[in-house]
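Worksheet for the structure shown next.
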Amino acid sequence: MKILIIFPRNIYNPKSGKERRVNNLVRALSTFGDIVTLESEEYKNQPNPLSKRRYFFKYKIFRAFLIDFNPSYVFSLFRVLKKEQPTVVQLSYPWGIPIAALLRKILKLKFLLIYDAHDVEAQRCYEVVLKDPSHGILKPLVYLRCLYERIIERIATSVSDIIITVSREDKKRFCERYFLSSNIINTIPIGSFITRISRHYKTNSKLKLGLDKKTIVLLFHGVFTYYPNKEAVDLIQNYIEPQIGKKYENLVFIIAGKGLPRNEVRKLKILGFVDDLSLVLASGDIAIVPILKGGGSRTKIFEYISVGLPIVSTKKGAEGIELVNGKHAILTKEVNEEFINSIERLIQNPKLRKKIGFNAKILAEKRYDIKNLQEEISKHYFSCYERRYNDLIGEGL
Numbered sequence: 040m041k042i043l044i045i046f047p048r049n050i051y052n053p054k055s056g057k058e059r060r061v062n063n064l065v066r067a068l069s070t071f072g073d074i075v076t077l078e079s080e081e082y083k084n085q086p087n088p089l090s091k092r093r094y095f096f097k098y099k100i101f102r103a104f105l106i107d108f109n110p111s112y113v114f115s116l117f118r119v120l121k122k123e124q125p126t127v128v129q130l131s132y133p134w135g136i137p138i139a140a141l142l143r144k145i146l147k148l149k150f151l152l153i154y155d156a157h158d159v160e161a162q163r164c165y166e167v168v169l170k171d172p173s174h175g176i177l178k179p180l181v182y183l184r185c186l187y188e189r190i191i192e193r194i195a196t197s198v199s200d201i202i203i204t205v206s207r208e209d210k211k212r213f214c215e216r217y218f219l220s221s222n223i224i225n226t227i228p229i230g231s232f233i234t235r236i237s238r239h240y241k242t243n244s245k246l247k248l249g250l251d252k253k254t255i256v257l258l259f260h261g262v263f264t265y266y267p268n269k270e271a272v273d274l275i276q277n278y279i280e281p282q283i284g285k286k287y288e289n290l291v292f293i294i295a296g297k298g299l300p301r302n303e304v305r306k307l308k309i310l311g312f313v314d315d316l317s318l319v320l321a322s323g324d325i326a327i328v329p330i331l332k333g334g335g336s337r338t339k340i341f342e343y344i345s346v347g348l349p350i351v352s353t354k355k356g357a358e359g360i361e362l363v364n365g366k367h368a369i370l371t372k373e374v375n376e377e378f379i380n381s382i383e384r385l386i387q388n389p390k391l392r393k394k395i396g397f398n399a400k401i402l403a404e405k406r407y408d409i410k411n412l413q414e415e416i417s418k419h420y421f422s423c424y425e426r427r428y429n430d431l432i433g434e435g436l
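Using my numbering, you'd call the opening residue of the sequence shown number 40 and step up by one each time.
Given below as structure tokens:
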């Protein structure tokens, strides 16, 4: 099986949730066939441990949501499809799918076209991008962008053979928004690779970050340019830390993520972008997720449970993930007094932290380990391809 992955962002050194999702999928899919990628040329110098062959297109002028009008993308995709004749073509945005479907007809190819949706893009645009106050007087243009995204995603869902969602909630949203049959939509959780953290590594991680080994670390990470993450950081800085930081001497809030300026103030230690996320995760004692907006599933939640971190999150922050309140995490409806009290319960009760973290890791191992999801991915891809193009099934599939 030859799988063409089309993704205009960083596959090999992921810095955002969507990039980590695609990276995990590519790593899983590489066990079933040859991976070929079509990427932005800005990542040309990145190492390519997963791809058999890589192709590139220019991406500076036409950004992701305008990729269907990018001549470099269209011509590059034409050449790749004609040369490679892939079994599967997978894109993680609706943009680019209409052109891929058109070229499939022109070249008379029979590849399986897959839309791997991290969230419902049109809904995300209306509920997240449009509500970002930083747009100011440009808001009418953002509204037009959202309208355009809704049209493109409608076309993408109509021409795709499979739509992959990260949660049942998103599957329902796709069906309702675009009047789709649930039969073409499969849910594959984001998942994560399970990591075992020794006490020695946790201690060393804290020391490397300039902390005392007994310091209780409250952790949050995410790309700051994404408005729900920015809103969460603002809540930590202006609401959560002022209430909790003054009560506990041996406590620090660590915030990490692309787009964040490095800073230290009060009990806040802002790291900015970090090359080694595992170091930051290992240093944590409690993960907090004060997310109020957004769709899909938060990749950060999977990363927290994969290392056994106890979590305090809003229900929106944990959406699409099978966390039982009080067992795998502590969930609240809003970022309010209940959220603050939940954090304090975990600070004051190491046994409860250990219990919830242990339960979360067991859930991650059973339900969300990428290695276990590989069989599920294989089942979806193979069965759909066989069902639609049975005459092309041959040796090697």
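All residues carry an ideal CB built from backbone N, CA and C; glycine is no exception.
Checklist entry - Which stretch, first to last residue, makes up the alpha helix (DSSP H) that contains Val-61? => result 56-68
Checklist entry - Roughly how many angstroms separate the alpha carbons of Val-128 and Ile-201, rounded to a whole number? => result 11 angstroms
Checklist entry - Who are the Cβ neighbours of Lys-355 in its own chain at under 8 angstroms, not counting the five residues just before and after it? => result Cβ neighbours of Lys-355 within its own chain (closer than 8 angstroms, five residues either side excluded): Ile-330, Leu-331, Lys-332, Gly-333.
Checklist entry - At a cut of 8 angstroms, does the segment 142-159 reach the segment 175-191 through at least three beta carbon pairs? => result no
Item to check | Gly-347 to Ser-111 span [Cα, whole Å] | outcome: Their Cα atoms are separated by approximately 44 angstroms.
Item to check | Whether Ser-336 touches Ile-229 by CB criterion (7 angstroms) | outcome: yes
Item to check | Run of the beta strand (DSSP E) containing His-260, from where it starts to where it stops | outcome: 255-260
Next on the checklist: Please classify Ile-176 as buried or exposed, where buried requires at least 16 other C-beta atoms within 10 Å of its C-beta.
Outcome noted: exposed
Checklist entry - If you count every other CB in all the chains shown that lies within 10 Å of the CB of Gly-365, and 16 or more means buried, which is it? => result exposed
Item to check | N-terminal and C-terminal residue of the beta strand (DSSP E) that Arg-143 is part of | outcome: Segment 136-145 is the alpha helix (DSSP H) holding Arg-143; no beta strand (DSSP E) there.
Next on the checklist: By DSSP's criteria, Glu-472 is part of a beta bridge. Which residues make up the other side?
Outcome noted: For residue 472 there is no data in the structure shown, the boundaries of the chain being 40 and 436.
Checklist entry - Around the C-beta of Val-291, are 16 or more other C-beta atoms found within 10 angstroms, so that it is buried, or is it exposed? => result buried
Next on the checklist: Please confirm whether Leu-152 has its beta-carbon closer than 7 angstroms to some beta-carbon of chain C.
Outcome noted: Although the question refers to chain C, the structure presented lacks it and comprises just one protein chain.
Next on the checklist: According to DSSP, simplified to helix, strand and coil, what is Asp-155?
Outcome noted: The three-state secondary structure of Asp-155, taken from DSSP, is strand.
Next on the checklist: Buried or exposed for Asn-380, going by 16 or more other Cβ atoms inside 10 Å?
Outcome noted: The residue is exposed, with fewer than 16 neighbouring Cβ atoms inside 10 Å.
Next on the checklist: Suppose contacts are defined by Cβ-Cβ distances below 7 angstroms. Is Asn-398 in contact with His-367 by that definition?
Outcome noted: yes
Item to check | Euclidean distance between Cα positions of Glu-280 and Gly-323 | outcome: 16 angstroms
Checklist entry - When DSSP labels each residue in this structure, what does Asn-364 get in the three-state scheme? => result strand
Item to check | Residues near Thr-204 by beta carbon distance below 7 angstroms, same chain, minus five either side | outcome: Ala-156, Lys-210, Phe-213, Ile-224, Thr-226
Next on the checklist: Residues in the same chain with beta-carbon distance under 6 angstroms from Val-9, minus the five sequence neighbours each way, listed in chain order, please.
Outcome noted: Residue 9 cannot be examined here, being either before or after the span of the chain that is shown, 40 to 436.
Item to check | Nonlocal neighbours in the same chain, by C-beta distance under 7 angstroms from Lys-121, ignoring five residues either side | outcome: Contacts found: Leu-146.
Next on the checklist: Can you tell me where the alpha helix (DSSP H) holding Thr-126 begins and where it ends?
Outcome noted: Note, Thr-126: premise wrong, no alpha helix (DSSP H); not H, not E.
Item to check | DSSP state of Asn-243 mapped onto helix, strand, coil | outcome: helix
Checklist entry - Where do the N-terminal and C-terminal ends of the alpha helix (DSSP H) with Thr-353 fall, by residue? => result Element bounds for Thr-353: not the alpha helix (DSSP H) but the beta strand (DSSP E), 350-353.
Next on the checklist: Applying the 10 Å Cβ sphere with the 16-neighbour rule, what's the burial state of Gly-249?
Outcome noted: Under this definition Gly-249 is an exposed residue.
Checklist entry - Using DSSP with H/G/I as helix, E/B as strand and the rest coil, what is Ser-220? => result coil
Checklist entry - Quick one, are the C-beta atoms of Tyr-154 and Ala-103 less than 7 angstroms apart? => result no
Item to check | Supposed close pair Ser-231, Ile-409 - CB separation, criterion 8 angstroms | outcome: At roughly 6 angstroms, the Cβ-Cβ gap stays under 8 angstroms, so Ser-231 and Ile-409 are in contact.
Next on the checklist: Tell me which residue opens and which closes the beta strand (DSSP E) that Ala-33 is part of.
Outcome noted: This structure cannot settle anything about residue 33, because the visible part of the chain is limited to 40 through 436.
Next on the checklist: Whole angstroms are fine: how far does the CA of Asp-251 sit from the CA of Arg-184?
Outcome noted: 48 angstroms
Checklist entry - Between which two residues does the beta strand (DSSP E) harbouring Val-205 extend? => result No beta strand (DSSP E) holds Val-205; DSSP gives it neither H nor E.
Checklist entry - Just curious, the alpha helix (DSSP H) that Phe-32 is in, first and last residue? => result As shown, the chain starts at 40 and ends at 436. That puts residue 32 outside it, with no answer to give.
Checklist entry - Straight-line CA distance for Ser-220 to Ile-50? => result 31 angstroms
Next on the checklist: If I measure Cβ to Cβ from Pro-24 and keep anything under 6 angstroms in the same chain, skipping five residues before and after, which residues do I get?
Outcome noted: There is simply no residue 24 to check, as the chain begins at 40 and stops at 436 in what is shown.
Item to check | Through-space distance from Thr-234 to Val-319, alpha-carbon basis | outcome: 13 angstroms
Next on the checklist: DSSP three-state label for Asp-430, please.
Outcome noted: Residue confidence is low: Asp-430 scores 47 on pLDDT, short of 50, so the model does not pin down where it sits. No coordinate-derived value is stated.
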